[in-house]
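Chains as they are written, first to last, in the numbering used here: chain A, 242 to 912; chain B, 12 to 643.
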């Protein structure tokens, strides 16, 4: 049965007109096309993309990376016009270490009175902009772009660098035919992998092919980076190449979705890591083999491990700081706060120091490595079992291959019996085991003093708590007055500090009033705002109007008042990508409501328990009337932090039910 | 849509040879100046020396103390430059709170980056800025710069109050004009502040307290002090001009920037002539030309040529099919000229804020260009950068503001179209069926006109998933909303956007014992409440009026009876009108009607709490509920 379908499909596709993807061979059929069959909503589609990466050999210069790109793009409507402008980023360090953008050829094809019209791009539509010290942008925009047109361009980038940039295999519009070819001389050993977070994985074929270079007048004695030392002779130089091919049709568009901050992390792409240089003469020089080796390489480098050895520059300050303090917990806290107040982060990420710890200490400014390696060195100096932890930030992807560039960040860890305490000196408002969201990415590699290393989990396991106690009474005019006590721990406390650390009371009050209706907040009192290792505790009094409905002789009110959002944030019917809450949470609301004089309870919501995947998410709603008061207790306990697309519907349902419950009304009746 | 101007940068230049060490001490700042302030400008001395009609220098010394993190953006240590601007001196020294030097930054240590504004593909403007990581607060930055300009069309003016949350201890501004060219200076709002005039063009400002931003406040420029300056004879990148009033300045723009750019290829001339051959009125012809331009071109911003002020040649736009606001407007004008329809290149400030060109003071102004077509006593305004906008529609971007209309005879200041309150109408009609479980299903029709037309047409561009999500957000008061069908009608001739949406939701009505409770206002519920101010400082305004009319027919379940209905509401005040009522057509059919009018207007700060109260009432009544009781 299955076979028959395949055969039928092949026949059908053979019957349709054959596409000619040669540059310049744009067909009338392509110009007449009104929409993309597989994705009719697409504003544009890449009809053909070809990307060839190879290393050209030039005598005397050695190998040079050449990237040739050709694209044919169909623009269906005005919303697709953005695709008629292309920007290419080029690394541009200096005249000898720059990437060159060459041989641009580009045309717009339109159908005018039944005939194909071809408009060539001219210099006036090509721009180059030097962005800063390191980067330049080449851009071009196509002439005569109209709805229905097809644009086609090709260009070439020559690079003095061996490392291959990630190759995008997916756009935000569909790609009809994708052709990628990468040919790497056997001397350059690469690891490669597809983005594991992608939802589309094209087929990849690897082969080994022969290559021959004829060397005229030069010998084939090859030095480092494939550079040839010259002696007089003529010969053929034969070697192998690794060839990687992607040949796909109908690559689906990468679609945007809510709760996804960076769409790019889900893009299908081929990620390359330069792993080793296999010199024809001098054997293999490894850049990375396994994680143990990578950690060792990093640790042995001056810009990492070397920085941990230095202590002189801080000794007298740290001695003074720790004078008379023996308790290790206190010593850790003192050093952590000292580093954070002393050295400010200059926004540069990396696990290697830039100016070195000494200079950073003196200037009081440093990059991630300077701050956190200094932190480790001080902790060790104070007698603690501290080590650096290498990690990859969320936007850098998860560390896939054993390579030094798989990491881009470093934090500090203290190993104590049965536990590891993580500290990040860059995290201004953080505390022990409270990291910046961008650094909570799967696992990190701890590199111990002796040089051994191991994976440690970065995902927060401990629940961040939010506990609210609210006492409420209702006046004769149906206005509500009450008092709230709130307790926030861990990441929820961090959230609060990030918002309000520097805020004055007055602006905090107006922020707390936001979205709570007709409310007036007084006596806001926040405890531990600046004591980062403690939970946040705050209290305030409020007066709230228009929160009770009087209909007939009855009063209707949601006992949670403004504590529950009226809106379910999960509105999509299905999802492509997961939702990541990052850390588990436990939220509890306990409400004591005084029944106003002259009223009795007419009805109360039913007690309820809702679950998601067993105990991965639990919601409890308990209400009881006792004498003059109604007590409501609501718990939202979320253990699961990553909601996969296939779990989404059930999760959404869980949220819907709990939301519904939170908005249910208590009904009071006049006696 | 941006025009590059050297003035668009929010910083001021300074001059001073000596300053007291005291200015470096953050500790000595007066308490009054610290109130509401993230930064305090301790000293800001500006000297403009106009040497000739084509040369001036700008010398600035500025000492600013940054009090907290939020103040970092007020350092103002950025200088834009291009081929006509030479930065002769640029340096900064950072001091800690006790006046001790911590860092010195020389000109070469400033970051040098291209200054291409967002949405622009290319511009030749660049920027040097100070990149500094603060170690502690407060800290003080002393900046000195000296800049030489060969273009004199933009001369830095003066803003002694830089913006919200910044106070100024001491600032001065002086112009020395040795060029022999007449100089125009205009000061605005100086009378309300402690600003002293010391000499002819010499001012001193002291102790200007930081202002706090407030919701609905009028534009900063309407109350903050500022000074503007222009030369009667100037040069813009080598092109000389005169500027004594809008008329001759506009004439210059016409002759030097626009006039010689409009030549069109013969084929296009013939094409548009035959295209419009059957039309008799100018407006009908203009409609066809506008459509022609919309179909042929797209917006691409490339800023080169005379400071970014000269449009690309019309023939280039014709050939390339793209251009920026100047290019596309100029091209449209050239086509209209060809079919003998009069139109004028018009400079304006584009944006949602109603920002006018100053009719009393001619100078290079504006950041956008549109086209004006005279139509009887009025004008039709064309937004030439849009491929989708209806003909003559300029709401929310260039409406209701003074614009510079450039005619061959000279410049004129003309007020653009005002979209009147009742024309900005949204009508929502719905047929709703409610069942005994509280579930609803409904057919909703939303019709939008005037400014409201522009708010809703963008949904058309969303994909199916995006559209469904849009309605779930738009009707966010209805949980569990399902969107069953969506259809739009975008009537560009009458400028009406109609949405027809079929929705359903389970448990819209909430349960309370054997009753169900629901708000009849399902599809247009106001939830926004303006923030509360203990002590409102500024007057306020509603810049555009609008009107919403709603009517929903609600069929009730047979098994339930009405227990309580809401009482009709009618509120009428200077801010607007609100009425809501429910009519019982039969035992099982209700009709909910609601009207909301918000008036455009300017109001006194004392009335702010009344305004807020009006909103609170709307929010309250919009969620009023009806109770039904089971008859079983």
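All residues carry an ideal CB built from backbone N, CA and C; glycine is no exception.
Quantities reported herein were computed from a predicted structural model and do not represent experimental measurements.
- Proximity of residue 133 of chain B to chain A, defined by a Cβ-Cβ separation below 7 Å, is satisfied.
- Cβ-Cβ separation between residue 449 of chain B and residue 522 of chain B: approximately 7 Å, consistent with a contact (criterion under 8 Å).
- For residue 198 of chain B, the secondary structure class from DSSP, reduced to helix, strand or coil, is strand.
- By DSSP's assignment, residue 320 of chain A forms no beta bridge with any residue.
- The beta-carbon of residue 100 of chain B is placed no less than 7 Å from the nearest beta-carbon of chain A.
- The beta carbons of residue 478 of chain B and residue 489 of chain B sit about 16 Å from each other, so the pair does not count as a contact at 8 Å.
- With the rule of 3 Cβ pairs closer than 8 Å, the stretch 801-814 of chain A does not count as touching the stretch 455-473 of chain B.
- Below the 9 Å Cβ cutoff, chain B contributes no neighbours of residue 891 of chain A, its closest Cβ being approximately 15 Å away.
- Across the structure, residue 393 of chain A and residue 347 of chain A are spaced so that their CA atoms are roughly 6 Å apart.
- By a beta-carbon distance limit of 8 Å, residue 630 of chain A contacts residue 686 of chain A. Their separation comes to about 7 Å.
- Boundaries of the beta strand (DSSP E) around residue 314 of chain B: 312-314.
- Residue 808 of chain A has a beta carbon lying within less than 7 Å of a beta carbon in chain B.
- Taking CB atoms only, residue 344 of chain A has no neighbour in chain B less than 7 Å away.
- Around the CB of residue 900 of chain A, 16 or more other CB atoms lie within 10 Å, so the residue is classed as buried.
- At least one C-beta of chain A is nearer than 7 Å to the C-beta of residue 542 of chain B.
- For residue 496 of chain B, DSSP records a beta bridge to B:513.
- A straight-line Cα-Cα distance of about 34 Å links residue 388 of chain A and residue 493 of chain B.
- Taking 7 Å as the cut-off between beta carbons, the residues of the stretch 329-340 of chain B near chain A are 330, 331, 332 and 333, in sequence order.
- Counting along the chain, residue 795 of chain A sits inside the beta strand (DSSP E) bounded by residues 795-798.
- For residue 608 of chain A, no CB of chain B lies under 7 Å from its own CB, so it is not counted at the interface with that chain.
- When secondary structure is reduced to three states using DSSP, residue 647 of chain A falls in the helix class.
- Contact of residue 144 of chain B with chain A is assigned, a C-beta pair being separated by under 7 Å.
- Put simply, the CB of residue 124 of chain B is near chain A, with a gap under 7 Å to one of its CB atoms.
- Inclusion of residue 803 of chain A and residue 723 of chain A in the CB contact set at 7 Å is not warranted, their separation being larger than that value.
- Here residue 38 of chain B is exposed. Its C-beta has fewer than 16 other C-beta atoms within 10 Å.
- For residue 627 of chain B, same chain residues with a beta-carbon under 7 Å away, outside a window of 5 residues either side, are 540 in chain order.
- Rounded to the nearest angstrom, the gap between the Cα atoms of residue 201 of chain B and residue 755 of chain A is 36 Å.
- Rounded to the nearest whole angstrom, the CA to CA distance from residue 237 of chain B to residue 128 of chain B is 25 Å.
- Taking the C-beta atoms as reference points, residue 82 of chain B is found nearer than 7 Å to residue 49 of chain B.
- When DSSP reads this structure, residue 123 of chain B sits in a beta bridge with B:139.
- Chain order gives the chain A residues near residue 521 of chain B as 904, 905 and 906, where near means a beta carbon separation below 7 Å.
- In the same chain as residue 501 of chain A, and ignoring 5 residues on each side of it, the C-beta atoms closer than 8 Å to its own belong to 507 and 818, in chain order.
- For residue 750 of chain A, the CB contacts under 6 Å within the same chain, skipping 5 residues up- and downstream, are 762 and 765 in chain order.
- Only residues of its own chain outside the window of five on either side were considered, and among them 816 have a CB closer than 6 Å to the CB of residue 889 of chain A, listed in chain order.
- Between residue 456 of chain B and residue 440 of chain B, the CB-CB gap stays under 7 Å.
- Residue 78 of chain B and residue 773 of chain A have their C-alpha atoms roughly 22 Å apart.
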